[in-house]
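Residue numbers (my numbering), protein chains in the order written: chain F, 1 to 312; chain X, 1001 to 1342. All C-beta atoms, glycine included, are put in the ideal place defined by N, C-alpha and C. As structure tokens, the structure follows; a few thoughts come after it.
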């Protein structure tokens, strides 16, 4: 909280109420930013974990498979189609509609991926399809952006760079509520997620209603990633890296252990990148820039380690 | 003894995939404590039957009653308390701890959180003990050998505490001791736990030794249940695995390559270990072995001095050669004595 374009000494942190400017900076800008980063990290980590289990693919994550692009498309369409809603109710209803459109976009993408993954034998192809899918959606969005009025374009483009800054302290309540409910639901599904690790046949023969479980997981994942995307824009790599780090630190893929672990690691990742982005004095670096520089190499390491898994 | 009632009864069952019928007119009953091996050539429908019983496939026609109720009337959760499975394909995730994996078998008995109570833990412990895998509990599944993995998945199925255990080729990837160990464990499960064990296998020489009951699927798509030895005597076994290049030797129960030219020898001597293995070698090398002194063919006389040392004497047409090992016997026989029959 002490780092940013305006430096606030640490010992003043708790007495900051004395100066109104600092108080505003702390409670209106920095505190929401940190909470946002924390929540986004939790949600992104969890969606990555669920998608890796769901698609039985260690490299699945909402960014790579185009789910966040789907959310962006949802938002873009929402902004264009329901312009008036966003203008007349800029805060509450507007935010809820954005979340709704983003979640719907995510859900649609996930649904298509689910159908495709059933038709595929090789799960590696799913990754390629996800990438292509993401590009197609990005293409559609860019056309929409060009077609829309120019003053919206800048906001939209800024949004796609990823940021934890746009969430106000009122919006944070909605954000926190959705993410915590989603996380709690996932924790309750931990045993079922463990069963899915064995594959659908084992899961079914153990009495699990696989189809229903998969539907529930799809909806939760869509809402979590849609919400994060609508508040912060698409954020790369957290979803893929934090489950891997959690698995190698905790040495298990038991979801009872992994879910809290992944939530924590995801939060650490986003908080760290937020910390770095605010560290540059007057400039604030885009989150995805930092994620790309740090996350990319980590993914290379993961890929090299997973070589043996794909060989077998 | 009180008459047991069957867990599963199938009448006029027809199984297959959609339009494609794989097997029809199948009738069987499975009783508690049965150990049944499903046998037949590749693609004959073993897996189709197992999949139909696991409800991964719908039956095409006929009836299957499970505990006096039609198979499709059971809920997934209740059915999971009757039948557990062990598949051939490796489970996708490899980072799960062995202990966590076995505990997954308790899913049908736990509440929505999946918390295991002490009765659940007890059943898990019993399964671990029966399989003898307590030293593996803290390992990850991908650190296990094929045999260990097979045991862990059997333990998981046992923890599910069902009446029937279905296994699709549980011995396929294992070496000989591994195969024997798994088959021994299955027999123990059937006898001690009174669980009916139905499994498919190609290791039929081991099955001949261990299984008291097999279901044999013949090449015409019919299925017969019975004792393996009966099938050998009445020739069903050979019909079932019939292959133009191989013939079934129904005296020792192995298939061997059909040879165009067959050589005949007589084998005489005391009935002992040497004679058994001499005969074994000669059969393997496609000789027809006559066990009496028949004129016109080479005679192999086993001469035993005492229990451990003996030698072989080959005689034919005034020629007589003495050898000390079967290796030499074979060479001499092939180079000096071959008589061809037509």
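Residue i: CB within 7 Å of a non-hydrogen atom of the ligand SAM
| i | result |
| --- | --- |
| residue 194 of chain F | The ligand SAM is not among the ligands present in this structure, which contains no ligands whatsoever. |
DSSP-derived helix/strand/coil call for residue i
| i | result |
| --- | --- |
| residue 104 of chain F | helix |
| residue 1192 of chain X | helix |
| residue 267 of chain F | helix |
| residue 1020 of chain X | strand |
| residue 1333 of chain X | helix |
| residue 1270 of chain X | coil |
| residue 1166 of chain X | strand |
| residue 1105 of chain X | helix |
| residue 147 of chain F | helix |
| residue 87 of chain F | Reliability of the predicted coordinates at residue 87 of chain F is poor, the pLDDT of 46 falling under 50, and the value obtained from them is presented with this limitation in mind. Three-state DSSP puts residue 87 of chain F in a helix. |
| residue 967 of chain X | Because chain X is modelled from 1001 through 1342, residue 967 of chain X falls outside the range shown and cannot be assessed. |
| residue 1246 of chain X | strand |
| residue 1074 of chain X | coil |
| residue 1341 of chain X | Residue placement at residue 1341 of chain X is flagged as unreliable, the pLDDT there being 46, under the threshold of 50; the coordinate-derived value follows with that caveat. Coil, per DSSP. |
| residue 1278 of chain X | helix |
| residue 1087 of chain X | coil |
| residue 72 of chain F | helix |
| residue 1420 of chain X | Absent from the model: residue 1420 of chain X. The displayed extent of chain X is 1001 to 1342, so no value can be given. |
| residue 1262 of chain X | coil |
| residue 197 of chain F | helix |
| residue 300 of chain F | helix |
| residue 1144 of chain X | coil |
Endpoints, the alpha helix (DSSP H) within which residue i is located
| i | result |
| --- | --- |
| residue 218 of chain F | 210 to 232 |
| residue 1204 of chain X | 1204 to 1210 |
| residue 31 of chain F | 31 to 54 |
| residue 1049 of chain X | 1046 to 1053 |
| residue 1290 of chain X | From DSSP, residue 1290 of chain X is part of no alpha helix (DSSP H) but of the beta strand (DSSP E) over 1287 to 1290. |
| residue 173 of chain F | 169 to 188 |
| residue 1128 of chain X | 1118 to 1131 |
| residue 1136 of chain X | Note, residue 1136 of chain X: premise wrong, no alpha helix (DSSP H); not H, not E. |
Residue-chain proximity (residue i, chain F), Cβ-Cβ < 8 Å
| i | result |
| --- | --- |
| residue 1105 of chain X | yes |
| residue 1054 of chain X | yes |
| residue 1201 of chain X | no |
| residue 1212 of chain X | no |
| residue 1135 of chain X | no |
| residue 1083 of chain X | yes |
| residue 1196 of chain X | no |
| residue 1080 of chain X | yes |
| residue 1126 of chain X | no |
| residue 1108 of chain X | yes |
Interface flag, residue i vs chain X, CB-CB below 8 Å
| i | result |
| --- | --- |
| residue 63 of chain F | no |
| residue 252 of chain F | yes |
| residue 201 of chain F | yes |
| residue 249 of chain F | no |
| residue 186 of chain F | no |
| residue 242 of chain F | no |
| residue 88 of chain F | With a pLDDT of 46 at residue 88 of chain F, under the threshold of 50, the modelled position of this residue cannot be trusted; read the value that follows with caution. It does not; no Cβ of chain X falls within 8 Å. |
| residue 191 of chain F | yes |
| residue 182 of chain F | no |
| residue 207 of chain F | yes |
| residue 204 of chain F | yes |
| residue 310 of chain F | Below a pLDDT of 50, predicted positions are generally treated as unreliable, and residue 310 of chain F, at 45, falls in that range; no measurement from the model is reported. |
Residue span of the beta strand (DSSP E) that contains residue i, given as start and end
| i | result |
| --- | --- |
| residue 1225 of chain X | 1223 to 1226 |
| residue 1304 of chain X | 1299 to 1304 |
| residue 1310 of chain X | 1310 to 1316 |
| residue 1323 of chain X | 1319 to 1323 |
| residue 249 of chain F | Here residue 249 of chain F belongs to no beta strand (DSSP E); instead the alpha helix (DSSP H) covers 238 to 250. |
| residue 1220 of chain X | Residue 1220 of chain X -> no beta strand (DSSP E), and no H or E assigned at all. |
| residue 1174 of chain X | Taken as a continuous stretch (DSSP letters only), residue 1174 of chain X belongs to no beta strand (DSSP E), as it is neither H nor E. |
| residue 1059 of chain X | It is not in any beta strand (DSSP E) - residue 1059 of chain X carries neither H nor E in the DSSP assignment. |
Classification of residue i by the beta-carbon crowding that lies within 10 angstroms, buried from 16 upward
| i | result |
| --- | --- |
| residue 1219 of chain X | exposed |
| residue 135 of chain F | exposed |
| residue 1316 of chain X | buried |
| residue 1154 of chain X | buried |
| residue 1146 of chain X | exposed |
| residue 118 of chain F | exposed |
| residue 1070 of chain X | exposed |
| residue 235 of chain F | buried |
| residue 1320 of chain X | exposed |
| residue 249 of chain F | exposed |
| residue 1295 of chain X | exposed |
| residue 1193 of chain X | buried |
| residue 1176 of chain X | exposed |
Exercise. What are the start and end residues of each continuous alpha helix (DSSP H) run of 4 or more residues lying completely inside the region 112 to 141 of chain F, in chain order?
Worked result: The qualifying runs do not exist here; there are none.
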